[in-house]
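Protein chains in written order, with our numbering: chain R, 1 to 260; chain G, 1001 to 1249. Backbone N, C-alpha and C define an ideal beta-carbon position, used for all residues, glycine too. The structure displayed is predicted, hence computed values, not measured ones. Down below is the structure, laid out as structure tokens.
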Amino acid sequence: MAIISTVSLARTFRTKSGTVQAVRGIDLTVREGEIVGLLGPNGAGKTTTLRMLTTLLAPTGGAATVAGHDLVKDPASVRRACGYVAQSGGVDPQLTVREELVTQGRMYRLGRARAAERARELAHELDLTDLLDRPCAALSGGRRRRLDIAMALLHEPRLLFLDEPTTGLDPAGRTALWDLVRRLRDDHGTTVVLTTHYLDEADALCDRLVVVDGGTVVAEGTPAALKLRYAGSADASLQDAFLALTGRSAAPADPAPVAV
Amino acid sequence: MLLHDTALIYGRCLRQSLRSRFALLFGLLMPMLYLLFFGPLLTGLPLGGRGSSWQVLVPGLLLQLGLFGASFAGFAIIIEKGHGVVDRMRVTPVSRLALLLGRVLRDATVFVFQAVLLVLAAVAMGLRAPLAGVLIGFVFVALLTVSLAALSYALAMRMGTPQGFGPAINALTMPSMLLSGLMLPMTLGPAWLDALSHLMPLRYLVDAVRDAYVGAYATGHMLLGSLVATGFALLAVTVGTRVFRTAGA
Ligand SMILES: Nc1ncnc2c1ncn2[C@@H]1O[C@H](COP(=O)(O)OP(=O)(O)OP(=O)(O)O)[C@@H](O)[C@H]1O
Ligand SMILES: [Mg+2]
């Protein structure tokens, strides 16, 4: 069953220098329990798409159903079902890790005791237990990223959106995050939609990839299918397939690090 | 749910405020200076009102406190937005109205607290006013801060940068203060200035609080002031909530 389906979902921004068609029309179907990777060069429209699917940004065209609810008509139900980790995070540096986690849980309507319990569980799961009473500002970049992810999991969402979740993580943190994502899917049936510029990550983690360029979907399929189709062989690298598709490499200045 | 959500956001905001004792008191500086160095100049002047010059000045200073304090509330949301905190809250099912109400009620709490300190200082300087009137004055300060803070958040969310927001607020607050007769009653001035000042919502509030400070509660000023203050607050909260609902840029 499809947990996300969009039809020509589009978003145009009006700026002083004219209109920007950030997303021109995305048709996307995600099945329950899938791990889907959104790939695409900088400015392709990945973040804008996620912001629409999480109700942060109203679409200017098209329609979408998320977790069984119409995105525009019933945003409140969509919000209850989803978790979202923004590309740039979202915690107050002055407040403590525990306070942010508990408040977030309570915004998802957990009771006081349950929110505190979930904060402890997630801190344990994401290796933040010793940092619970530190201010968020005291966390290193990678730990802050783990906190951002914990913030999206308090209410055990059916559907999780992660915008570049592993940017800034060390190789160990990156594999730990992959394990977490797989565990969420295997143990809880959580559907995960993530964006990444690391093609090794897309290859290792995602069941299916959707390549976006210029605000539209230019290719989709399993990593193996994309390699076969666009790079000529299932043994080719995803990098070659990506280059053939977009004419650019995924992360030109910063080659994808290899997880150890 | 609205109550639950508002209490939650209010609690978080209040804890943020309590973390900074400096910010809790900073708004008091300007009205305190007026009280100390401007107030004594008025004691012998014919201000046309009933009661002492303190009963004319202190209501104006209370609203000045609210005007300057609450108008700048938006700076905090620009910072929070920059940290991604606003969007992180907006993806949760939390009520959009609560996202605004929690914040403006925190602002009202902080400024009423400052107003109490200001009135205590004024009493030490020579103010004598009925308790009921003083309490009514606090209600007006609360309504004014709710209104202005809501509009300030709305403007700040739209503008997005302190470089744009700061000058805009400066350009709005100074004329508002001068044109509403916060320092001296407008009735002392020429007819055109008095007429112009009736275009400022704040004018009706200060007239009402001045009546309250001389114990005149059933007056036209009081009625008009209450209506303007309540209407302004409702309008501002509606505008502010809409911004929290749609703010996408
Ligand atoms: N609020 C906005 N106002 C104007 N233009 C915007 C806004 N948000 C995004 N855009 C534009 O929309 C396009 C898509 O941006 P988006 O952030 O979705 O790309 P992305 O695929 O996430 O890129 P990246 O890989 O760099 O994160 C870009 O051209 C961007 O400049
Ligand atoms: Mg992005």
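As the crow flies, the alpha-carbon of L1144 of chain G is around 14 Å from that of F1113 of chain G.
In the DSSP secondary-structure assignment, F1037 of chain G is not bridged to any residue.
In this structure, K46 of chain R has its CB closer than 6 Å to one or more heavy atoms of ligand 1. Residues of the segment 1004-1029 of chain G whose Cβ lies closer than 9 Å to any Cβ of chain R, in chain order: H1004, D1005, L1008, I1009, G1011, R1012, R1015, Q1016, R1019, S1020.
Listed along chain R, the residues sitting closer than 8 Å to T1246 of chain G by beta-carbon distance are A58. The three-state reading of DSSP puts A1149 of chain G in helix, counting H, G and I together. Contact annotation: the segment 161-168 of chain R does not touch the segment 9-19 of chain R, with fewer than three C-beta pairs closer than 8 Å. In the three-state DSSP reduction, T60 of chain R falls in the coil class, being neither helix nor strand. Proximity of chain R to V1085 of chain G at the Cβ level (cut-off 8 Å) is accounted for by G90, V91, D92, in chain order. Residues are counted here when their Cβ sits less than 9 Å from a Cβ of chain G; for the segment 105-117 of chain R these are R106, M107, Y108, R109, given in chain order. Around the beta carbon of S233 of chain R, fewer than 16 other beta carbons sit within 10 angstroms, so the residue counts as exposed. Short note on Q21 of chain R: C-beta not closer than 6 Å to any heavy atom of ligand 2. When C-alpha distances from A150 of chain R are compared across R:E100, R:C206, R:T190, R:M1, the shortest belongs to R:E100. Spatial neighbours of L1172 of chain G in its own chain (CB-CB distance under 8 Å, excluding positions within 5 residues in sequence) are listed in chain order as S1071.
For R1088 of chain G, the nearest beta carbon of chain R is closer than 7 Å to its own beta carbon.
T55 of chain R has its CB no nearer than 6 Å to any heavy atom of ligand 1. Per DSSP, Q1016 of chain G has no beta-bridge partner at all. Ligand 2 has a heavy atom closer than 6 Å to the beta-carbon of Q87 of chain R. Flagged as an interface residue toward chain G: R80 of chain R, by a C-beta distance shorter than 7 Å.
Contact annotation: K46 of chain R and V212 of chain R have beta-carbon atoms nearer than 7 Å.
Annotation: Cβ neighbours of T103 of chain R in chain G (cutoff 7 Å, chain order): L1008, R1012.
A219 of chain R: member of the beta strand (DSSP E) spanning 216-221, first to last residue. Chain-ordered, the chain R residues with CB closer than 8 Å to the CB of P1093 of chain G read A76, R79, R80, M107, Y108, R109. Between V1058 of chain G and A1122 of chain G, the gap from beta carbon to beta carbon is short of 7 Å.
Burial check for F161 of chain R: the Cβ neighbour count within 10 Å reaches 16 or more, so the residue is buried. When the beta-carbon positions are compared, F1232 of chain G and L1100 of chain G stay at least 7 Å from each other.
Not a single heavy atom of ligand 1 lies less than 6 Å from the C-beta of T1145 of chain G. Secondary structure at H1004 of chain G: helix, using DSSP grouped into helix, strand and coil. Bounds of the beta strand (DSSP E) holding Q21 of chain R are 18-31. In this structure F1165 of chain G is buried. Its beta-carbon is surrounded by 16 or more other beta-carbon atoms within 10 angstroms. Under the 7 Å criterion on CB atoms, A22 of chain R is classed as non-interfacial with respect to chain G.
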